[in-house]
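Since the structure comes first, as structure tokens, the remarks are kept for the end.
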Amino acid sequence: MIRVAAVGDIHMGPESQGTLRPSFETLPACADVLLLAGDLTRHGTPEEAAIVAREIKDLGVPVVAVLGNHDHHDERPEEVTAILRDAGAHVLEGEAAIVDADGARIGVAGTKGFGGGFVGRCAGEFGEPLMKEFVRYTRRCADGLHSALKHLDEQDCDARIALTHFAPVPDTLAGEPLEIYPFLGSYLLAEAIDTGGADLAVHGHAHAGTEHGMTSGGVRVRNVAQPVIGQAFHVYHLPGRQG
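The numbering used here numbers the first residue of the sequence shown as 588 and each following residue consecutively.
Take a look at the structure:
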């Protein structure tokens with residue numbers, strides 16, 4: 588059994604320094620990997636990233652992360668990424684990481700993702716250049732996620748996980764105002780997950796959403812935004828490869 592701990596939207600700043608570390612230090616006893624689903628900082632400053640880095644450094648389990656929209660706000664995502672990587676985290680954007688846990692190979696494909704909406708109520712690549720670029724950016728994120736998942740399919744992984752910040756399905760947005768669904772996720776992410784193949788999809792971003800959902804292809808989706816799960820992290824269990 589593979590144990591996956593996950594949380595997103597921890598939004599750390601100076602006054603929250605040290606608040607998660609005691610809980611994170613229990614991870615080796617209950618989880619094989621920690622996934623961070625974006626919005627790790629409040630405003631995306633290197634100073635805030637350094638606070639997150641101290642929370643996750645030397646935990647005794649691998650840490651895999653994607654950035655969220657808050658982590659881009661100060662327009663220094665490369666610096667935020669470098670600080671988290673220096674603390675030992677795998678920070679993904681259209682990339683994959685494989686971590687080992689008790690002999691199991693856990694593959695994680697990650698992207699921040701973006702908005703655009705869901706089937707029947709979604710933006711299209713039509714009209715003004717800004718609208719076209721909005722959708723094309725989402726598509727590039729989804730294409731990167733798909734490529735990363737396909738890469739993991741060739742790596743003999745025991746489990747494959749899709750890690751995003753934005754939501755791939757509307758199920759896990761239940762509780763959010765319908766008017767903002769297009770800004771919370773995109774069906775293109777779900778298409779990438781279903782065609783690329785995954786055992787679990789994890790995201791954040793929707794603070795007032797719902798934990799449980801599923802893609803049309805039957806992949807379990809979990810919204811792990813901290814306001815949704817109400818704790819430092821939640822642990823999900825995957826059976827791994829049989830035989």
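Note that CB positions come from ideal geometry on N, CA and C, so glycine has one too.
Buried or exposed, going by whether 16 or more other CB atoms sit within 10 Å of the CB of P757? buried
Span of the alpha helix (DSSP H) holding A795? First-last for A795: undefined, no H or E at that position.
Sort out for me which residues DSSP pairs I767 with in a bridge. None, per the DSSP bridge assignment.
Whole-angstrom Cβ separation of L736 and A676, contact assumed at under 8 Å? The Cβ separation is near 20 Å, so there is no contact.
Looking only at C-alpha atoms, which of L646, A593 and E612 sits nearest to V653? A593
What is the DSSP secondary structure of L750, reduced to helix, strand or coil? strand
Starting from D673, follow the alpha helix (DSSP H) in both directions and report where the run begins and ends. P664 to D673
Figure out for me which residue from H738, A710, H598 and G605 has the closest Cα to the Cα of D658. H598
Measuring straight from C-alpha to C-alpha, what distance separates D645 and P764? 39 Å
Between the C-alpha atoms of S734 and T628, what's the straight-line distance to the nearest angstrom? 27 Å
Give me the residue from G605, L621, G681 and M718 with the minimum Cα distance to H824. L621
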